[in-house]
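K.L.:
All the letters of the sequence shown, read from the start, carry residue numbers 1 to 374 under UniProt numbering.
We put the beta carbon where it would ideally sit given N, CA and C, even for glycine.
None of these values were measured; they are calculated from a predicted model.
I'd like to ask you about the structure that follows.
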Amino acid sequence: MDEHPDDAVDVIEEMSRNVKQDVFKGLRSTLRNVSQSSAAELLAEQQRLLFTPKDDSAQTTEMMGTVLPNLNEVAFYLEQAGVGLGREETQRVFLALKHLVESESLTHCRLWGKILGRESNYIIAEAETEYRDEEEELKQSAEEAPEEEKEAEAKEKFPVPRSTYKPPPLVPKEAIGTGANKYVYYVCSEPGLPWVKLPSVSPAQISAARQIKKFFTGRLNHQLLTYPPFPGNEANYLRAQIARISAGTQVSPHGFYQILEEEGDESDEPSQVSYEVNPEFEGTPVDEMAKSLSTWVHHVPHILRQGRCTWVNLAAKQQKDPNEDEEADEEDEEEHDEPEPEVGPPLLTPLSEDTGQKLFNIFRFQFCFELRLI
């Protein structure tokens with residue numbers, strides 16, 4: 001009372017609390033502090049929904065057999081090779097994939113893999129949908145439009161000398177459902193947490209991802225500081241690396257897939273050619289599969305240096321500036337020759353024909369275990 005503190009009420013409340021604790025020392029339940037839930041407890045509460053059964057379990061199980069492959073069977077074979085997520089985590093991931101299929105109405109879904117990050121990890125699901133998400137493409141194009149409008153307004157207010165520099169034309173993005181954007185990818189840090197849909201990938205992002213090395217943080221909205229600059233955040237960088245890994249590492253035994261011939265389809269582009277499982281495939285001896293690279297083939301289209309699976313002629317798509325003189329246009333046409341189309345290897349090409357195979361031991365096959373007579 002002599003000091004006249006500003007927070008006199010708080011001081012009195014603290015004194016009252018201390019007196020009550022001394023008087024009711026045996027009755028700890030009345031003055032027990034509220035315990036803070038740990039991160040593990042919060043995660044367990046969110047994962048509890050994965051184990052909650054639904055009424056239409058029989059119908060859901062039948063539908064999941066065609067949309068979602070048996071992840072436990074895949075994990076068993078991976079375990080024979082000494083890799084995998086572990087049986088407990090595999091089961092939780094499988095339940096999380098079931099919830100993803102039900103919530104997003106996917107036609108096909110599988111576990112693509114897991115990428116480790118500094119703060120949290122990424123569990124990645126690869127999916128197919130019947131419809132194209134055109135709204136997403138419109139949003140991405142709308143984000144670029146305001147910047148172009150601002151530049152045009154600035155030029156009108158403050159006219160500057162005309163620059164003779166012509167930036168290279170922007171490589172167009174492949175449509176959803178084709179090429180590097182054939183599949184849709186969802187990520188989450190832990191099974192039971194919400195799935196986040198990754199944006200479609202652009203050729204500029206793939207080209208930039210080839211030139212940089214960056215650890216993942218586990219935060220999709222993290223801005224990357226790299227050189228050369230990467231056009232996007234960590235979500236775009238993750239999507240670009242997924243496209244690169246999928247195009248270069250997915251292989252299958254020779255003869256397991258066959259090219260699907262459709263009437264009226266004469267396209268020679270690898271990304272436009274579809275394939276199906278060969279019902280007459282009888283298998284390949286294990287000894288041959290472990291010794292020869294020619295028994296394994298690529299069944300995913302190759303990504304060209306342009307950042308696309310299908311080459312596009314930028315010279316033909318580049319629009320002429322109406323303010324330029326006709327003489328300058330004629331000079332440019334004489335200087336620039338027609339570019340040579342880039343064609344990647346066809347689908348189902350053996351690994352033995354890879355160009356970098358002679359320089360680096362990219363693929364290596366061996367037996368998981370051998371039974372020896374004692």
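#1: Assuming H302 contacts G255 under a Cβ cut-off of 8 Å, what Cβ separation, rounded to an integer in Å, is found between them?
#2: Have a look at P169, K166, Q366 and P203 and flag the residue whose alpha-carbon is nearest the alpha-carbon of A175.
#3: I259 lies in the beta strand (DSSP E); which residues open and close that run?
#4: What's the C-alpha gap between D2 and V11?
#5: What three-state label does DSSP hand K182 in the structure shown?
#6: Measure from the alpha carbon of F281 to the alpha carbon of each residue in F94, L293, Q258 and Y186, then state which is nearest.
#7: Quick test of your reading: P231 and Q205, contact by CB under 8 Å. State the CB separation rounded to the nearest angstrom.
#8: On the three-state DSSP scale, how would you describe I176?
#9: Measure from the alpha carbon of Y186 to the alpha carbon of each residue in S252, L100 and T295, then state which is nearest.
#10: On the CB-based measure, 16 or more other CB atoms within 10 Å of its CB, does R308 come out buried or exposed?
#11: What are the uninterrupted segments assigned as beta strand (DSSP E) that are 3 or more residues long and contained completely in the segment 86-137, given in chain order?
#12: Please tell me whether A209 and P228 are closer than 8 Å, where the distance is taken between their beta carbons.
#13: Out of curiosity, what's the CA-to-CA distance linking V300 and E353?
#14: Roughly how many whole angstroms lie between the Cα atoms of G113 and I124?
#15: Determine the direct distance from the alpha carbon of A180 to that of R244, and round the result to whole angstroms.
#16: Among the candidates E119, E126, G248 and E190, whose CA atom is the shortest distance from the CA of R219?
#17: Would you mind listing the beta strand (DSSP E) stretches within the segment 265-315 that are 3+ residues and don't spill past its ends, in chain order?
#18: In three-state terms, what does DSSP make of V187?
#19: With the cut-off set at 8 Å, would you say F94 and N72 are in Cβ contact?
#20: Go through its chain and collect everything with a Cβ distance to Q81's Cβ below 8 Å, but skip five positions before and after it.
#21: Specify the secondary structure class of P203 as computed by DSSP and reduced to three states.
#22: Cβ of A96 within 8 Å of Cβ of G192?
#23: Grouping DSSP H, G and I as helix and E and B as strand, with all else coil, what is V196?
#24: Tell me which residue opens and which closes the beta strand (DSSP E) that V251 is part of.
#25: Which residue from E88, G117 and N70 puts its Cα closest to that of H108?
#26: Report yes if the C-beta distance between F363 and L351 is below 8 Å; otherwise report no.
#27: If I'm right that V171 touches Q306 with Cβ under 8 Å, what's the distance once you round it to whole angstroms?
P.N.:
This is what the structure gives:
#1: Your pair H302 and G255 does not check out as a contact, with CB atoms roughly 20 Å apart and the cut at 8 Å.
#2: P203
#3: Y257 to I259
#4: 13 Å
#5: coil
#6: Residue Q258 is the option with its Cα nearest to F281.
#7: 6 Å
#8: coil
#9: L100
#10: buried
#11: At a cut-off of 3 residues, the continuous stretches assigned as beta strand (DSSP E) that sit fully inside the segment 86-137 are 108-115 and 122-128.
#12: no
#13: Taking the straight line joining both Cα atoms gives about 15 Å.
#14: 5 Å
#15: 9 Å
#16: E119
#17: 275-277 and 296-298
#18: Of the three classes helix, strand and coil, the one that applies to V187 here is strand, per DSSP.
#19: yes
#20: Sequence check: residue 81 is Ala here, not Gln. If we look at A81 and ignore the five residues flanking it on each side, its Cβ neighbours are C368.
#21: helix
#22: A contact, by the Cβ cut-off of 8 Å.
#23: When secondary structure is reduced to three states using DSSP, V196 falls in the strand class.
#24: V251 to P253
#25: N70
#26: yes
#27: 6 Å
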